[in-house]
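Input: a single structure, listed below in structure tokens.
Encoded structure:
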């Protein structure tokens, strides 16, 4: 049976912790059915009941918490299972992507190998084509060069041989029948032919940058002024000559003789481009070539300060195709017999060998300007001009001639003996050194540079070790590195180039012996 316990007077339900109890509770505590609440509150079992109630409530809370935790764990496990499935799916996709990437890498590697093979083959084919083109161009250039040389030399040799043959036939006649006038004319023609042949080889060497240069500091304005009369005579009356000289012009570093020759060649070309007359202007100026300018050039040119010489005409001008070939040896636009095609080649070779730069500006009908850029010489004063005597003075000194070419040795010995010198001769360097050791009276050694065995430079160096006072004069028609380095004659070297004349040899020998 239920027993309802009344609330205390004025009390609320919260004032009583136990509201309904069973009869069994009262039986346990041995109480009567009707008793006051205060009596019940003081019963000895009440604290235990309250503790049991509290534990029951706590247990119910823990169960709820546990249930909630279980629910959350279950949900988390479900999420993990779902994530695991998603990860497996993603891993599968990634594995497929990796396999696809591997296949693509294999394909790319194969493609690269194929491309490399094709590129290598293309490069080989292109290199072969370029080499074939270079060989064809080389053969064309060699053919043009040899054809031009053969043509000009055959003409010159015909004149020389014909003249000498005429001299021979005249001298075979009786003395009374000699035609001295014709004899002199044939000798003159042969001499002129030989001189032109010498000029031809000189220009070829200049173009090939193999001509020995003796550069000096040059006052360009002074050099131009000194050539003005000769230039005007060369140009003729229908061409006006104008000099535009810059004030404060720097000194140039170049071979003065070769520079004069280059200027004459430019003037002759300009004259031929103005058949009806015109104006030739020669201009000088100080110029600085910077990195931007020289980097755009085909051939290497160091940046720095240069002295510029410009030759401009009012002639016919040239198109681009002609300008591209204008420096080729034997290339010419002139009529047959009007030029060799070596003038500008000589100018080009001289300027490049001097460490300079050359440019051409031209258009058809607008004239031509050729600009030479020569390296600046930082010395304050120009070198003194050497005065060459026209008179062939001789002497009585002793000279040793070393020359392996029998005919040339005979000619040189004959010239020197005719001049009054005592002459010894040898055909190679070793023989020459033996003579020098036995003959301490030799005053001058005249030796060819190119000799069998010891070359002329080595002979001279060895001779100077035991004869430091001996004078040395070299001769050569072509030398590479014995006495010429970087295209320039070594310091202190005296050289007379082949072919040389009687007067040139006489003057050079006398000058050395008197120095």
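In the UniProt record's numbering, the protein residues as written are 1 to 515. Backbone N, C-alpha and C define an ideal beta-carbon position, used for all residues, glycine too.
Asked                                                                                                                                  : Found
Closest by C-alpha distance to residue 280, when choosing among 266, 288, 287, 291                                                     : 266
C-alpha gap between residue 417 and residue 241, whole angstroms                                                                       : 47 Å
Same chain only: Cβ atoms within 6 Å of residue 472, ignoring 5 sequence neighbours per side                                           : 445, 460
Classification of residue 186 by the beta-carbon crowding that lies within 10 angstroms, buried from 16 upward                         : buried
Proximity below 8 Å, CB of residue 313 to CB of residue 277                                                                            : no
Three-way DSSP call (helix, strand, coil) for residue 470 in this model                                                                : coil
DSSP-derived helix/strand/coil call for residue 455                                                                                    : coil
Three-state secondary structure (DSSP) of residue 363                                                                                  : coil
Enclosing beta strand (DSSP E) for residue 234 [first to last residue]                                                                 : Residue 234 -> not in any beta strand (DSSP E); alpha helix (DSSP H) instead, spanning 220-235.
Cβ separation of residue 275 and residue 216, assumed to be a contact under 8 Å, to the nearest whole Å                                : Rounded, the Cβ-Cβ distance is 37 Å, inconsistent with contact.
Under 8 Å between C-beta atoms of residue 365 and residue 316                                                                          : yes
Backbone CA spacing between residue 103 and residue 93 [nearest angstrom]                                                              : 15 Å
Buried or exposed (CB count within 10 angstroms, at least 16 for buried), residue 293                                                  : exposed
Contacts around residue 361, its chain only, beta-carbon distance under 6 Å, and the 5 residues preceding and following it disregarded : 369
Residue 400 to residue 191 span [Cα, whole Å]                                                                                          : 28 Å
Backbone CA spacing between residue 520 and residue 493 [nearest angstrom]                                                             : Absent from the structure is residue 520, since the part of the chain shown begins at 1 and ends at 515.
Local Cβ density within 10 Å of residue 127, reported as buried at 16 or more and exposed below that                                   : exposed
Reduced DSSP secondary structure (H/G/I, E/B, other) of residue 395                                                                    : coil
Rounded straight-line distance, which links the Cα of residue 214 to that of residue 354                                               : 10 Å
Expected contact under 8 Å - CB spacing of residue 356 and residue 344 to nearest Å                                                    : Not quite, the Cβ-Cβ distance comes to about 15 Å (not below 8 Å), so this is no contact.
C-alpha gap between residue 248 and residue 220, whole angstroms                                                                       : 11 Å
8 Å contact criterion, which residue 358 and residue 284 should meet: CB distance rounded                                              : Their Cβ separation, rounded to whole angstroms, is 15 Å, which puts residue 358 and residue 284 out of contact at 8 Å.
Where residue 319 falls, given that 16 or more other Cβ within 10 Å makes a residue buried                                             : exposed
Cut-off 7 Å between Cβ atoms - residues of its own chain near residue 452, not counting five sequence neighbours on either side        : 404, 428
Whole-number beta carbon distance between residue 432 and residue 426, since they are thought to touch under 8 Å                       : 4 Å
Beta-bridge partners of residue 375, as assigned by DSSP                                                                               : 306
Cα-Cα separation, residue 194 to residue 437                                                                                           : 38 Å
Helix, strand or coil at residue 498 [DSSP, three-state]                                                                               : coil
Residue 110 versus residue 98: straight-line alpha-carbon distance, rounded                                                            : 18 Å
Within 8 Å, strictly: CB atoms of residue 458 and residue 476                                                                          : no
Integer Cβ distance of residue 456 from residue 443, believed to fall under 8 Å                                                        : Not really, about 18 Å apart at Cβ, beyond 8 Å.
C-beta atoms of residue 282 and residue 307 nearer than 8 Å                                                                            : no
DSSP-derived helix/strand/coil call for residue 254                                                                                    : strand
Backbone secondary structure at residue 461 - three-state DSSP                                                                         : helix
Counted within 10 angstroms of its Cβ, other Cβ atoms place residue 350 as buried (16 or more) or exposed                              : buried
Three-state secondary structure (DSSP) of residue 446                                                                                  : strand
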